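J.:
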Amino acid sequence: MAYQQKDYYISAKDNEYYHVLSIAKNLLVKANNEGRYPVWGETLEKLIKELEENRGDNVTPWQYNFIISILLEHVPEDLKRDLD
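The opening residue of the sequence shown carries number -11 in the working numbering; numbering runs sequentially from there.
Right, dumping it as structure tokens:
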């Protein structure tokens, strides 16, 4: 089967879409508070806007990669160190 971008989405089942959106919004607030806005904040804003516009449908590889990055922000530092 040929690759088609429309085949990728974030499910609303068990509120996954809303959890990802909520985490992104919380990290945007954190980025603003910590002075990380110019780079991290603008990228978060772009992701949030795109996810809200497409309601989790037609997710791009860039969006998936960035979602993984923001979810990793919630992994405790001691767990990250143990993985090295």
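Glycine included, every Cβ here is placed at the ideal spot set by N, Cα and C. The structure displayed is predicted, hence computed values, not measured ones.
If we count the other Cβ atoms within 10 Å of its Cβ and call it buried at 16 or more, is ALA19 buried or exposed?
T.: Buried, by the Cβ-count rule.
J.: So, do the stretch 33 to 41 and the stretch 62 to 72 have three or more beta carbon pairs nearer to each other than 8 angstroms?
T.: In short, these stretches do not touch, since the Cβ pair count stays below three.
J.: Is TYR(-3) helix, strand or coil when you go by DSSP?
T.: In the structure shown, TYR(-3) sits in a strand (DSSP, three-state: E or B).
J.: Alpha carbons only, please: which of GLU61, LYS1, GLN51 is nearest the one belonging to LEU15?
T.: Residue GLU61 is the option with its Cα nearest to LEU15.
J.: Please report the straight-line C-alpha distance between HIS7 and TYR25, rounded to a whole angstrom.
T.: Taking the straight line joining both Cα atoms gives about 22 angstroms.
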